[in-house]
Structure formats: structure tokens, C-alpha cells
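Residue numbers (the UniProt record's numbering), protein chains in the order written: chain A, 1 to 360; chain B, 1 to 258. The beta-carbon is built from N, C-alpha and C at its ideal position, and this holds for glycine as well. In what follows, a single structure is set out as C-alpha cells and then discussed.
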Ligand SMILES: Nc1ncnc2c1ncn2[C@@H]1O[C@H](COP(=O)(O)OP(=O)(O)O)[C@@H](O)[C@H]1O
Ligand SMILES: [Mg+2]
């Protein structure tokens, strides 16, 4: 550097011409885009739009293919019942995925807690409310274990929950002795465990309390994520953890609360699953982890974190339910249902990648 | 003379075998823009991090407005009204401008909704953010809900500076705020610095850009080999003098030339 410029001079000579240039440096200008770019922008701002459109289109498509049976109140309410448990797991999974994590242990926590509730309430004959309370606290504790391993020991969420999945599954087999608890025994000793299997019926539709519970869980979590500071912090952490830390968020503490809340939701799902399935089986929902991730991804929640609405996971779970029901009613082999879900996942992730590439 | 805003004496910070700060002093006075210059690795970032609580110094004392402080995190410094604009800005790209301005200090609704449901007062936060950006001349359309990732580099810098300016009551630290910006965007940030000073908030500006430093600084702190070499008044020296001091090509003046 060898400037001979007078140091006190305001601004530099070579910058004087800037006075004549466009003054709107930092104006938030509205640019004009092509139709495709505009669609990209709209989807970027409303990440739930894709799953909603897919859901509506698939409803119409299967209505046409499978006919009136599909649109009957009975069948539509049956789809809701079928997705209710995976839907709750997907709600828990969404919380984790929004923080840019992943939880492979959600279904293991759910089944383990339902086994604990059954052991205490049915086998040991404790008052059912105590059995349920222990299960719910256990769910939060299991989530806390995941959260502490991830934040304090700094293990990647994928590896941590791969490990705890096995641990929780082994505990579950040990506590249950690999035996199911029969439906009649539950009815006799702890009918409260089947509370969420109760239903109200009208006009052919049968709405179980479990379905109502699932919708309520999504409603409460949506509120927490969108209307409270905690929720904004969860998104900020998923977006850029270091930036969140530097702007004053206690990121580790928040992450532990996220995993605990997810664990609690899994335990609630465990309670509801007794009503849905009827019995308590340690071998049930073995694919629940992957099904919950499927619902989240089809729901437009980015696996890279920080993006997407939890309501997307509800629509994602419903889309899977609609495909399965519609293809079955149309008489299509089960393998093609699995085939279709696979394509849905791939298309959903491809759309997410495209939306994330939105230009400034 | 009034008490300096920041006064640090004998600060030492070691990272393993590296002594990043070696018994350095530091002083920021009321109402001034203090530029901190020095070669790469001289320890500029390390000393401001020690001052704002991002790291804890191994030795030495820091006085803020005459009172000794010992911050354990930047959150504690922030509670005292000290703001830092990091070189990488520390914004959350997918969140809106308003959300970013209030990260970690959100406003809750009054009454039961805020108290029991912890509901955020989004309208109040959006209005505050819009007012602050307007004050700093950054606002032309109502787009406060726009995600930060849709802004240009200069606009993001504007949001980060606006956030610091909105909440700082003691002083603001800016680490290389113009390093990644184009000519026009840099100019805007320099204007923002002058606006903030005009409101009486002192600024510590780390920069490699001599023209920018000489344009806005009231005093220049020259950092070399982990400590303060000297402070100079930009009116008394040329840019080549400053560069010569900071690289060791020329003997510095007495430590307190300014
Ligand atoms: N977190 C850290 N760990 C180890 N060494 C560090 C760390 N931060 C800074 N240093 C070292 O301290 C010295 C001063 O760095 P820094 O303060 O970043 O300099 P400057 O900002 O002036 O370029 C450098 O040698 C750097 O490598
Ligand atoms: Mg630096």
C-alpha cells in the first residue's frame, strides 16, 4: 500500500462517482422472475403446499380408480385410524429433523414405553394412571438420553439413535420376556390403557380418540414451533447451529428439550397404540422409525434442517395412508404400494432440493 | 478525561502453545470509532473476543465503564448492552428479518397469552424491526417477513448491523464488516457506522481496508505480535505509515500517540 491520499478526506476519489449511481444499495427490491422461478419462490415460502396438493390429487385419483368405496365415510375414517400412530411418531420425528437431526429410536421408545405401561398396569397390577405416568416420564427420559449424548458427548444424531434404538429394543424384549400382553388381560386389569381406542361414530365414520389425539399433538407442536421463542430457536438451530449460538441461543439446552419432547410424544403414541392394536406386543411397529421418516420427508420437511412445517408431516402420513388404502381397494398387489411410496420419497426429496436452490 | 468505555490491561490468551494475546492493553473511549488493524494472525479477533465474552482471557483485567467484569459467555456481555457483528454475521438464513433481529430476546405478548402460552408478539417485533431498518435507511418496502437468505450480501450485513445498533447501549464490535462486500455495499456499511457513532454509541472496527479505516476511525489501535503496538490519530499519519508500523517496517511512535 502506498497511498498518498490525505487521510482526513471523506470518502475516496475513486468512489465519488458512486453519487451518480443507483442509490438503492440495500433496498429490498422486488425482482421479476420467470413462471418457474415464481413457483419455486411460492413453494419456498409455503413448504406445506406440495404435500397438500399431492394429498388432494391422490384423493381424487383414488376416488376415480377405486370408486365410491374409497370415498365412503367409513374408509376415510379408517385411513385416519391407520395413520394415527405413525402420525404421532412423525410429529416427534419432525421436531428432531427440523433441528437437522434424525431419530432412529422413535418407534423403539414408543414400544418400550407401551411395554412398561403394560407391565406395571397389567402384570404388576399397579393403578393404571401410575403405570401411564411412569411410561410418559420414561419416554421423556429416553429422549433426554439421546439429547445429552448428542450435545454433551457430541455424537452425531444418526449414530446416537442407531445405538439407542438397539438399546431400547433390547430392554423392551427383556422387560416383556418377548411375550405379548393379551387384549383380554388389558380389558380386565387396566382398561384405561385402551382409552384411545374408544371412538365416536356418525354417518358411517368412526373417529377414534387416537385420531383426535394425533391431530391435537400436531396442533400443540405447531403452536410451539411457530408462536413461541423456543420454536424459533429450534428452527434457527436447524438452520445454522453456530450462528444460533452466536446470536445468543443456548443451543445445547434447547436441543435437549427437543429430544425430551420428542421422547414424550413417542410415549404418548405408545399409550395410544394399545388402543389401536388392542394388545401390547414387543415386536410391533418394527418399521415405525422408517415410516415416521417417510411421512416427514413426503411432508416437505427438509432433512437438512431449519425448513418445513410440522403440519407437512401430518399430510405426509395421510398421503401414505391414502396410497395404501386406494391401491388396496383398487386391487393392486401390496408390493406396488411399497413401490409407490418409494417413488414418493424420492420425488419429495428432489422437490426439496429444488426449492432450496431458490435464487435471491 | 471521562472514564473509558472499555479499559483492558495485561490481557493474555493462550491456545495450547500459541499465545494469541501477549500482555496486551486495550482502550475504547466514549463516542469514538476505534479501528483495530494488524497483520493476519496478529490477534485482533482474539482480543475482541476476550472483551465480549466469547472467550475468557487467561490473565489480565477488563473494566467496562470503570467496573471490572468477567464474562463467561457473549450472552452475559449482551445483557450489558455490548453487541458484536461477527465476520460471518451469525444470521439464520431461513428465518425472517424480524426473527433474526430478535433471536434470543424475543418479545412475548402481554397478558395471559404471553404468560401462560408464551405467545410471541410478532406484530410488535415486526414493527420494531421495520422502524430500526428505516432509521438506518435500509427499508424501502414492507418485507420484514422475508427470509434473510433472499437478501444480498450487503443487505444481510445491514440486518446484522441493524440488530447490533438496535440493542447496543454500551458499544458495538464489528469484525471485518466490509471484507466480503462490493464497493457500493461497503459504502453503505461505512455510512451505518457513522450513523451509529452519531447516536453516541462507540464502535470497535476491525478492518484490513486502510481507506475505510482512515475514513471513519477517530483513533487507530495497531496490533502486532499479540499486543498493542501503539494507537495513532489518523489525522497525523498516512496509510503507508500505518502499514509500516503494523508490519514492523518502521519504528512506532510512543505508545499513546493518540
Ligand atoms: N480457537 C483457537 N485455537 C487455536 N489457535 C487460535 C484460536 N484462535 C486464534 N488462534 C491463533 O491465535 C493467533 C491470533 O489469531 P486471531 O486473533 O484470529 O488473529 P487476527 O484476527 O488478527 O487475524 C493466530 O496464530 C491463530 O492461529
Ligand atoms: Mg480475525
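For residue i, three-class secondary structure by DSSP
i                      : result
residue 252 of chain B : coil
residue 25 of chain A  : In this prediction, residue 25 of chain A scores a pLDDT of 42, lower than 50, which makes its location untrustworthy; the coordinate-derived value is nonetheless stated afterwards. Correct three-state label for residue 25 of chain A: coil.
residue 18 of chain B  : strand
residue 208 of chain B : coil
residue 3 of chain B   : coil
residue 67 of chain B  : strand
residue 352 of chain A : helix
residue 252 of chain A : helix
residue 195 of chain A : helix
residue 195 of chain B : helix
residue 82 of chain B  : strand
residue 174 of chain B : strand
residue 123 of chain B : helix
residue 8 of chain B   : strand
residue 227 of chain B : strand
residue 284 of chain A : coil
residue 243 of chain B : helix
residue 127 of chain A : coil
residue 236 of chain A : helix
residue 162 of chain B : helix
Burial state of residue i (16 or more Cβ within 10 Å)
i                      : result
residue 2 of chain B   : exposed
residue 194 of chain A : buried
residue 352 of chain A : buried
residue 127 of chain B : exposed
residue 138 of chain A : buried
residue 29 of chain A  : Any reading at residue 29 of chain A needs caution, since the residue's pLDDT is 48, under 50, leaving its predicted position unreliable; the model's value is listed next. Flag for residue 29 of chain A reads exposed.
residue 214 of chain B : buried
residue 140 of chain A : buried
residue 87 of chain B  : exposed
residue 175 of chain B : buried
Cβ distance (whole Å) where residue i is taken to contact residue j below 8 Å
i                      : j                      : result
residue 62 of chain A  : residue 326 of chain A : 3 Å
residue 246 of chain B : residue 228 of chain B : Actually they are not in contact, since the Cβ atoms of residue 246 of chain B and residue 228 of chain B sit about 11 Å apart, beyond 8 Å.
residue 94 of chain B  : residue 239 of chain A : 5 Å
residue 37 of chain B  : residue 240 of chain B : Rounded, the Cβ-Cβ distance is 13 Å, inconsistent with contact.
residue 165 of chain A : residue 104 of chain A : 5 Å
residue 282 of chain A : residue 173 of chain A : 6 Å
residue 292 of chain A : residue 48 of chain A  : That belief does not hold up - the Cβ atoms of residue 292 of chain A and residue 48 of chain A are roughly 17 Å apart, past 8 Å.
residue 271 of chain A : residue 109 of chain A : Contact flag wrong, Cβ pair sits at about 12 Å.
residue 316 of chain A : residue 295 of chain A : 4 Å
residue 176 of chain A : residue 115 of chain A : 5 Å
residue 53 of chain B  : residue 73 of chain B  : 6 Å
residue 107 of chain A : residue 285 of chain A : 5 Å
residue 97 of chain A  : residue 303 of chain A : 6 Å
residue 349 of chain A : residue 297 of chain A : 6 Å
residue 100 of chain A : residue 306 of chain A : 7 Å
Residue i Cβ short of 7 Å to ligand 2 heavy atom set
i                      : result
residue 49 of chain B  : no
residue 242 of chain A : no
residue 325 of chain A : no
residue 152 of chain B : no
residue 175 of chain B : yes
Candidates the options, of which the one nearest residue i by Cα
i                      : options                       : result
residue 276 of chain A : A/160, A/353, A/213 and A/204 : A/213
residue 261 of chain B : B/105, B/169 and B/36         : The structure shown has nothing for residue 261 of chain B, since chain B only spans 1 to 258.
residue 52 of chain A  : A/357, A/355, A/114 and A/318 : A/318
residue 143 of chain A : A/152, A/161 and A/44         : A/161
residue 152 of chain B : B/118, B/26 and B/188         : B/188
residue 181 of chain B : B/235, B/56, B/155 and B/114  : B/155
residue 279 of chain A : A/329, A/204, A/188 and A/80  : A/188
residue 145 of chain B : B/12, B/96 and B/120          : B/96
residue 76 of chain A  : A/237, A/242, A/101 and A/58  : A/58
residue 328 of chain A : A/50, A/42, A/70 and A/170    : A/70
residue 330 of chain A : A/66, A/35 and A/83           : A/66
residue 165 of chain B : B/235, B/101, B/91 and B/232  : B/101
residue 161 of chain B : B/177, B/211, B/147 and B/55  : B/177
residue 98 of chain B  : B/54, B/76, B/64 and B/123    : B/123
residue 186 of chain A : A/225, A/120, A/159 and A/207 : A/120
residue 202 of chain A : A/72, A/45, A/269 and A/215   : A/72
Ligand 1 heavy atom lying under 7 Å from the CB of residue i
i                      : result
residue 223 of chain A : no
residue 320 of chain A : no
residue 44 of chain B  : yes
residue 53 of chain B  : no
residue 18 of chain B  : yes
residue 15 of chain B  : yes
residue 40 of chain B  : yes
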